[in-house]
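A.B. asks:
Written as structure tokens, this is what we have:
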């Protein structure tokens with residue numbers, strides 16, 4: 001519990017850290033310092049003097065520790081969608097004789113869209129094949145070049161078994177790419193142990209890096225010097241400041257850098273990541289499960305209108321709990337208007353994230369009390385049109 | 001002249017705004033407000049309440065005015081390198097029967113690298129063909145799908161004639177892509193008038209958006225609904241919050257959005273762009289040329305060791321002046337150590353940017369006096385090893 005490290009509005013119960021994490025108090029002062037003392041005073045020399053040039057790797061190492069990856073195997077930059085594209089393109093080059101990207105329909109749509117864009121660009125018979133989450137492991141046939149899955153389903157919180165699916169992928173000769181958007185900072189991840197070739201993720205959810213904070217990419221260290229960067233920008237070049245006319249990929253994970261790094265955004269994220277230095281991910285997971293179990297128990301006892309949409313076994317969930325309710329959109333707006341912040345995913349999912357760094361058991365009980373009031377009195381009937389106009 | 005709007009270190013003469021613009025005073029307070037009052041207080045609801053979701057288009061319109069593009073034709077995001085890739089991929093789809101990307105060896109290497117990466121991904125006989133800047137217009141043959149050029153050469157400042165080359169490209173049936181990295185905010189650009197299909201650029205140079213500030217992309221409005229986005233991220237989808245499993249491109253320029261927008265970086269940029277509201281680009285250009293002409297005249301009079309590397313005709317230069325000097329790297333470090341900030345580009349280019357918003361005639365004379373001292377006394381001899389270790 002590190003609630004004192006966050007700036008949370010008085011009276012708000014924030015159960016949406018799975019979408020956008022709240023503001024760590026360290027971010028504002030650090031950003032102000034970077035703006036005034038680094039950009040303002042050092043100007044161009046900040047690239048070296050303030051360590052901006054190494055920041056993508058430095059912050060990458062902070063993320064690496066959270067996801068069980070070794071030092072030097074993660075680099076920051078761009079967005080999660082771009083990192084998906086990078087990883088997919090490199091994965092396909094590793095299996096030139098295969099033509100299938102396999103995913104599931106529980107994946108976050110942007111991952112599927114990026115794959116669709118890549119397939120449309122390549123032509124040559126490439127295909128994005130999508131199965132249901134339950135069937136995807138069995139669908140890893142020997143024509144699959146790369147399996148791309150998000151560990152935690154963004155709607156239900158359902159958890160894929162990274163280890164087991166990666167083994168299946170490898171047994172079929174496929175490359176494995178994991179999207180850790182809802183995993184990094186939510187639960188222990190063992191990238192090194194799972195042996196997947198690629199992983200990607202974002203940092204604005206559980207890692208609290210701020211709206212639109214940079215993405216990350218992991219490449220398994222033994223492959224990092226052979227992964228081909230299709231997005232071959234100058235900062236992935238072996239010697240960017242030689243200004244060669246031809247691209248030579250940099251060493252290891254550095255080649256997954258693309259353009260000039262977003263220093264201001266990375267500085268906010270770096271400050272946010274300081275919080276994680278002494279977080280025990282196993283203890284965080286136990287606390288997260290305790291909060292989720294309490295929430296499910298109290299909602300099922302007090303708010304019978306809602307139907308659990310997440311797996312009942314906590315070992316099969318990430319760090320969120322979702323309930324189905326037909327008028328969920330309007331009900332969620334009424335709940336938000338009363339200071340309990342969750343979110344809604346079409347068609348009928350009310351989604352609640354549990355983040356033990358700043359959410360305690362008492363918050364869960366308070367949230368359920370307000371939810372019960374909203375649901376029992378159908379409080380959204382009065383206001384739904386007003387609210388709908390404001391929040392889409 | 002808006003020097004009072006910038007936070008510049010006392011005693012520094014900053015002639016490197018062509019690489020990283022200095023800090024506009026408005027940025028720090030605005031960023032602090034966004035962090036505390038928007039992220040901190042609104043959290044997830046900031047996407048709507050604080051207008052984060054529309055920010056890429058809103059800031060895009062601010063950039064559009066600077067580059068002569070109509071409202072709604074520019075969108076912000078990612079980096080310049082990514083925007084180059086997007087534009088090239090869409091351009092190639094517009095000429096499916098052609099296989100050549102034509103550029104010149106005066107282009108910024110990252111543009112060439114991104115093209116190389118795309119060609120390597122596509123295979124199918126695609127080719128990046130590179131000519132010298134003088135010969136590129138004549139090399140636009142009927143097998144060229146897209147001509148990709150940077151208007152202002154990053155080393156010499158040499159200016160391409162956008163209008164004439166675009167006409168040649170169109171006469172040969174090719175698509176035209178301009179990189180405006182060293183043009184936007186440096187000189188008047190008339191994108192609408194030049195009729196090129198695509199343009200891209202960055203915002204951390206003359207537009208002062210901060211280190212690694214987001215890139216931009218322009219698509220000619222009559223083509224914006226048919227350009228195919230290869231980097232088809234969810235925020236380019238027509239209805240991102242429907243979470244469809246299939247990608248349907250958004251309307252117009254919106255489809256060139258990719259992932260979640262970098263709100264913190266865009267907020268810094270938006271504050272920096274306020275400065276441009278009342279800037280007359282023609283007057284800025286006249287002031288820039290006057291500063292450049294003064295610099296060349298005084299350097300050639302007082303510092304005979306240096307040889308002009310930029311075109312002598314100011315109409316053929318952007319907003320920078322470059323000189324050749326064999327020991328230019330070390331000499332530039334000695335100059336920087338004395339508060340005159342320019343930069344160096346291999347093998348022997350000493351580069352100076354002229355930005356009338358915060359550089360005046362007196363600064364130019366003072367810079368030349370210090371340059372004369374450094375060159376006359378070979379001041380870098382004493383210190384070059386020390387400096388080389390610090391600044392690469």
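Protein chains in written order, with full-length UniProt numbering: chain Z, 1 to 392; chain V, 1 to 392. Backbone N, C-alpha and C define an ideal beta-carbon position, used for all residues, glycine too. Computed from a predicted model, the values in this text were never measured in an experiment.
1. Check the Cβ of residue 345 of chain Z against every Cβ in chain V and list those closer than 9 Å, keeping chain order.
2. Residues of chain V with CB under 9 Å from residue 116 of chain Z, in chain order?
3. Cα separation between residue 391 of chain V and residue 215 of chain Z?
4. Classify residue 292 of chain V as buried or exposed, calling it buried when 16 or more other Cβ atoms lie within 10 Å of its own Cβ.
5. What are the residues of the region 208-233 of chain Z that lie near chain V, defined by any Cβ-Cβ distance shorter than 8 Å?
6. Look at the alpha carbon of residue 130 of chain V and the alpha carbon of residue 120 of chain V, and state the distance between them as a whole number of angstroms.
7. Note down, one range per segment and in chain order, each beta strand (DSSP E) of at least 3 residues found wholly within the region 58-120 of chain Z.
8. Could you tell me which residues DSSP puts in a beta bridge with residue 237 of chain Z?
9. Rounded to whole angstroms, what's the CA-CA distance from residue 55 of chain Z to residue 261 of chain V? Just pull it up for me.
10. Taking the beta carbon of residue 10 of chain V as the centre, do at least 16 other beta carbons fall within 10 Å, making it buried, or is it exposed?
11. Any contact of the region 336-348 of chain V with the region 12-31 of chain V, i.e. 3+ C-beta pairs under 8 Å?
12. Given this structure, state the Cα-to-Cα distance separating residue 57 of chain Z from residue 257 of chain Z, to the nearest angstrom.
13. Could you check the C-alpha separation between residue 90 of chain V and residue 245 of chain V for me, to the nearest Å?
14. Per DSSP, what kind of secondary structure is residue 216 of chain Z in: helix, strand or coil?
15. Can you tell me which of V:196, V:105, V:205 puts its alpha carbon nearest to the alpha carbon of residue 21 of chain V?
16. Spatial neighbours of residue 191 of chain V within its chain, please: CB distance less than 7 Å, with the 5 preceding and 5 following residues excluded, ordered by chain position.
17. For residue 303 of chain Z, I'd like the list of residues in its chain whose CB is within less than 6 Å of its CB, leaving aside the five on either flank, ordered along the chain.
18. For residue 347 of chain Z, does the count of other Cβ atoms within 10 angstroms reach 16, so buried, or fall short, so exposed?
19. Comparing C-alpha positions only, which one of Z:59, Z:115, Z:23, Z:250 sits nearest to residue 83 of chain Z?
20. Return the Cβ separation of residue 211 of chain V and residue 46 of chain Z in integer angstroms, given the expectation that the two are a contact with Cβ distance under 8 Å.
21. Between residue 258 of chain Z and chain V, is the shortest Cβ-Cβ distance under 8 Å, so that the two count as touching?
22. Name the residues in the region 127-153 of chain Z whose C-beta lies less than 9 Å from a C-beta of chain V; which are they?
23. Report the rounded CA-to-CA distance for residue 297 of chain V versus residue 77 of chain V, giving the unit in angstroms.
24. For residue 14 of chain V, list the residues DSSP reports as bridge partners.
25. Would the beta-carbon of residue 44 of chain V fall within 8 Å of that of residue 19 of chain Z?
26. When you compare the CB positions of residue 35 of chain V and residue 8 of chain Z, do they come within less than 8 Å of one another, or not?
27. Quick one: what's got a C-beta closer than 7 Å to residue 104 of chain V's C-beta in the same chain, skipping five residues either side?
28. Over what stretch of residues does the alpha helix (DSSP H) that includes residue 395 of chain Z continue unbroken?
29. Between Z:86, Z:108, Z:99, which lies nearest to residue 141 of chain Z when the distance is taken from Cα to Cα?
30. Between residue 3 of chain Z and the rest of its own chain, which residues show a CB-CB distance below 6 Å, the 5 nearest in sequence each way excluded?
31. Can you find the residues in the same chain that come closer than 7 Å, C-beta to C-beta, to residue 279 of chain V, ignoring five residues on each side of it along the sequence?
32. Quick check: the Cα distance between residue 106 of chain Z and residue 227 of chain V, rounded to an integer number of angstroms?
33. Identify the contact partners of residue 204 of chain Z in chain V, using a Cβ-Cβ distance below 8 Å as the criterion.
34. So what does DSSP say about residue 388 of chain V, is it helix, strand or coil?
35. How about residue 39 of chain V: is its C-beta nearer than 8 Å to some C-beta of chain Z?
36. Grab me the residues of residue 63 of chain V's own chain with a C-beta within less than 6 Å of its C-beta, minus the 5 sequence neighbours each way, in chain order.
C.D. replies: With the given structure in hand:
1. In the first chain, the residue the question calls residue 345 of chain Z occupies position 345. Within chain V, the residues near residue 345 of chain Z are 241, 243.
2. Your numbering for residue 116 of chain Z matches position 116 in the first chain. Residues of chain V passing the Cβ test: 232, 246, 247.
3. The count along the second chain starts at 1 and reaches residue 391 of chain V at position 391. The count along the first chain starts at 1 and reaches residue 215 of chain Z at position 215. For residue 391 of chain V, the predicted structure reports a pLDDT of 39, less than 50, and the residue's modelled location is therefore unreliable. The matter cannot be settled from this model.
4. For the purposes of this step, residue 292 of chain V is taken as the residue at position 292 of the second chain. Its Cβ being crowded by 16 or more others within 10 Å, residue 292 of chain V is buried.
5. 210, 211, 212, 213, 214, 215, 228, 229, 230, 231, 232, 233
6. As a working note, residue 130 of chain V is residue 130 in the second chain. As a working note, residue 120 of chain V is residue 120 in the second chain. Their Cα atoms are separated by approximately 16 Å.
7. 74-77, 100-104
8. As a first step, residue 237 of chain Z is located in the first chain; it is residue number 237 there, counting from the start. The partner list for residue 237 of chain Z (beta bridge, DSSP) reads Z:249.
9. Mapped onto the first chain, residue 55 of chain Z falls at position 55. Mapped onto the second chain, residue 261 of chain V falls at position 261. Computed Cα separation, rounded: 20 Å.
10. Mapped onto the second chain, residue 10 of chain V falls at position 10. Burial call: exposed.
11. yes
12. By one-based count along the first chain, residue 57 of chain Z stands at place 57. By one-based count along the first chain, residue 257 of chain Z stands at place 257. Computed Cα separation, rounded: 9 Å.
13. Residue 90 of chain V sits at position 90 when you count from the first residue of the second chain. Residue 245 of chain V sits at position 245 when you count from the first residue of the second chain. About 22 Å.
14. As a first step, residue 216 of chain Z is located in the first chain; it is residue number 216 there, counting from the start. Residue state, collapsed to three classes: strand.
15. Counting from 1 along the second chain, the entry for residue 21 of chain V is found at position 21. Of the candidates V:196, V:105, V:205, the one whose C-alpha sits nearest the C-alpha of residue 21 of chain V is V:205.
16. The residue given as residue 191 of chain V occupies position 191 in the second chain. Here the set comprises 67, 68, 69, 199, 218.
17. Sequence index remark: in the first chain, residue 303 of chain Z carries index 303 (1-based). For residue 303 of chain Z, where only same-chain residues beyond five positions count, the Cβ hits under 6 Å are 371, 372, 375.
18. In the first chain, the residue the question calls residue 347 of chain Z occupies position 347. Exposed is the call here.
19. Along the first chain, read from residue 1 onward, the residue named residue 83 of chain Z stands at position 83. Residue Z:115 is the option with its Cα nearest to residue 83 of chain Z.
20. For the purposes of this step, residue 211 of chain V is taken as the residue at position 211 of the second chain. For the purposes of this step, residue 46 of chain Z is taken as the residue at position 46 of the first chain. Indeed, because the Cβ distance is near 6 Å, the residues count as touching under 8 Å.
21. As a working note, residue 258 of chain Z is residue 258 in the first chain. Yes, contact with chain V.
22. 130
23. As a first step, residue 297 of chain V is located in the second chain; it is residue number 297 there, counting from the start. As a first step, residue 77 of chain V is located in the second chain; it is residue number 77 there, counting from the start. The straight-line gap from Cα to Cα measures roughly 40 Å.
24. Counting from 1 along the second chain, the entry for residue 14 of chain V is found at position 14. According to DSSP, residue 14 of chain V bridges with V:341.
25. Numbered from its first residue, the second chain carries residue 44 of chain V at position 44. Numbered from its first residue, the first chain carries residue 19 of chain Z at position 19. It is a contact, given that the beta carbons lie within the stated cut-off.
26. For the purposes of this step, residue 35 of chain V is identified with residue 35 of the second chain, where counting begins at 1. For the purposes of this step, residue 8 of chain Z is identified with residue 8 of the first chain, where counting begins at 1. Result no, Cβ atoms of residue 35 of chain V and residue 8 of chain Z do not sit closer than 8 Å.
27. Along the second chain, one-based indexing puts residue 104 of chain V at 104. 130, 131, 132, 133, 136, 149, listed in sequence order.
28. Only positions 1 to 392 of chain Z appear in this structure, which leaves residue 395 of chain Z out of reach.
29. Locating residue 141 of chain Z in the first chain gives position 141, where the first residue counts as 1. When each option's Cα is compared against that of residue 141 of chain Z, the closest is Z:99.
30. Counting from 1 along the first chain, the entry for residue 3 of chain Z is found at position 3. Excluding positions up to five away in sequence, the list reads 358.
31. Translated into the one-based positions of the second chain, residue 279 of chain V becomes position 279. There are no such residues.
32. Position 106 of the first chain, counting from 1, holds the residue named residue 106 of chain Z. Position 227 of the second chain, counting from 1, holds the residue named residue 227 of chain V. Taking the straight line joining both Cα atoms gives about 29 Å.
33. Locating residue 204 of chain Z in the first chain gives position 204, where the first residue counts as 1. Under the 8 Å cutoff, chain V gives 260.
34. Walking along the second chain from the start, residue 388 of chain V turns up at place 388. Caution is warranted here: a pLDDT of 47 is assigned to residue 388 of chain V, below 50, making its placement in the model unreliable, and no coordinate value can be reported.
35. Stepping through the second chain from its first residue, residue 39 of chain V is reached at position 39. Answer yes: the Cβ-Cβ gap between residue 39 of chain V and chain Z drops below 8 Å somewhere.
36. As a first step, residue 63 of chain V must be located in the second chain, where it is residue number 63. For residue 63 of chain V, where only same-chain residues beyond five positions count, the Cβ hits under 6 Å are 74, 216.
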